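Visitor: Just so we're aligned, residue 1 is where the sequence shown starts under the UniProt record's numbering, counting upward by one.
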Amino acid sequence: AEVDKCNLIINYLPPAMSEAELRALFEPHGEVTHLKIVMDRNIPNKSLGFGFVKYATEEQAAKAIESKNGLQIANKRIKVSISQPPTSETRESKLYVSQLPDAHTEVEIKAMFQQYGSVSDVRLLVDHITKQSRCTAFVQMGTKAQAMAAISALHDSVPSGGTRPLVVRVSDSSKRRQQQQHGGAGG
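Below, the structure is given as structure tokens:
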């Protein structure tokens, strides 16, 4: 997949920031052709704290990175970088986490993994009927190296508020599918 150098990902946005405010921040650097703050699928009007800004030219995007990366907004320092397309790197940096403490929310899980790199997505699995946490989540890290750092630090460790050691591994859905076809042997 080709990297589109006009397309930027903005991490660590303040939760209250609107798309209009994001546009005002990035429009001085050039023509913004597309802009989006990624919202939580489960909670209305709740930002996940990151978004995308696309410029008409690579030069404008480069200027925006230079000027805005590390900018302090409210109590956050935003990170501005070229948005990488989903690749095998993305697949290998997605983690499957189980045996989480019952009370852990997506926010706490994200905070736990953010010590090892950027976290672009956390999905806590919840029982549809009881709405209780299944103590299992998927965490998308920024790079494979960050995912490996999180695994080596957190796998088999007992998180605060927990009684069981965490299981943290790369979530490789293709491998899991093969295991299911072969009767799920191994583990």
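Note that beta-carbon positions come from the ideal geometry of N, C-alpha and C, so glycine has one too.
Just so we're clear, the structure is a prediction, and the values are computed from it rather than from any experiment.
Specify whether the region 140-147 and the region 115-123 touch according to this definition: at least 3 beta carbon pairs, one from each stretch, less than 8 Å apart.
Guide: yes
Visitor: Who are the near neighbours of Pro-14 in its chain, counting only those whose CB is closer than 6 Å to its CB and skipping five residues on each side?
Guide: Ile-73, Ala-74 and Lys-76
Visitor: I believe Ala-145 touches Val-168 by the beta-carbon criterion, under 8 Å. Please report the beta-carbon distance rounded to the nearest angstrom.
Guide: Their Cβ separation, rounded to whole angstroms, is 15 Å, which puts Ala-145 and Val-168 out of contact at 8 Å.
Visitor: Counting beta carbon pairs with one atom in the region 60-68 and one in the region 22-34, are three or more of them shorter than 8 Å?
Guide: Flag = yes, the region 22-34 and the region 60-68 touch.
Visitor: Anyone know if the C-beta pair for Ser-83 and Asn-11 falls short of 8 Å?
Guide: no
Visitor: Glu-108 and Ala-147 look like a contact to me (Cβ under 8 Å); what is the Cβ gap, rounded to whole Å?
Guide: In fact, because the Cβ distance is near 19 Å, the residues do not count as touching under 8 Å.
Visitor: Classify Ala-145 as helix, strand or coil using the three-state DSSP reduction.
Guide: Secondary structure at Ala-145: helix, using DSSP grouped into helix, strand and coil.
Visitor: Met-39 bridges to which residues according to DSSP?
Guide: Paired residues: Ser-47.
Visitor: For Val-158, is the classification buried or exposed, using 16 other Cβ atoms within 10 angstroms of its Cβ as the cut-off for buried?
Guide: exposed
Visitor: Using a threshold of 8 Å, state whether the C-beta atoms of Met-112 and Leu-154 are closer than that.
Guide: yes
Visitor: To the nearest angstrom, how far is it from the Cα of Gly-186 to the Cα of His-104?
Guide: For Gly-186, the predicted structure reports a pLDDT of 45, less than 50, and the residue's modelled location is therefore unreliable. A value from the coordinates is still provided. Spanning the two alpha carbons is a distance of roughly 29 Å.
Visitor: Can you give me the start and stop residues for the beta strand (DSSP E) that Val-126 sits inside?
Guide: Where Val-126 is concerned, the enclosing beta strand (DSSP E) stretches over 119-126.
Visitor: Out of curiosity, what's the CA-to-CA distance linking Val-97 and Asp-4?
Guide: 31 Å
Visitor: What does the Cβ neighbour count give for Ser-174, buried or exposed, with the cut at 16 atoms within 10 Å?
Guide: Confidence at Ser-174 is low in this model, with a pLDDT of 46, below 50, so the placement of that residue is unreliable and no value is reported for it.
Visitor: Please state whether DSSP places Ser-133 in a helix, a strand or coil.
Guide: strand
Visitor: Quick one: give me the first and last residue of the alpha helix (DSSP H) that Ile-109 is part of.
Guide: 106-114
Visitor: Given a cut-off of 8 Å, decide if Lys-94 and Ile-78 are closer than it, judged by their beta-carbon atoms.
Guide: No, Cβ-Cβ distance for Ile-78 and Lys-94 is not below 8 Å.
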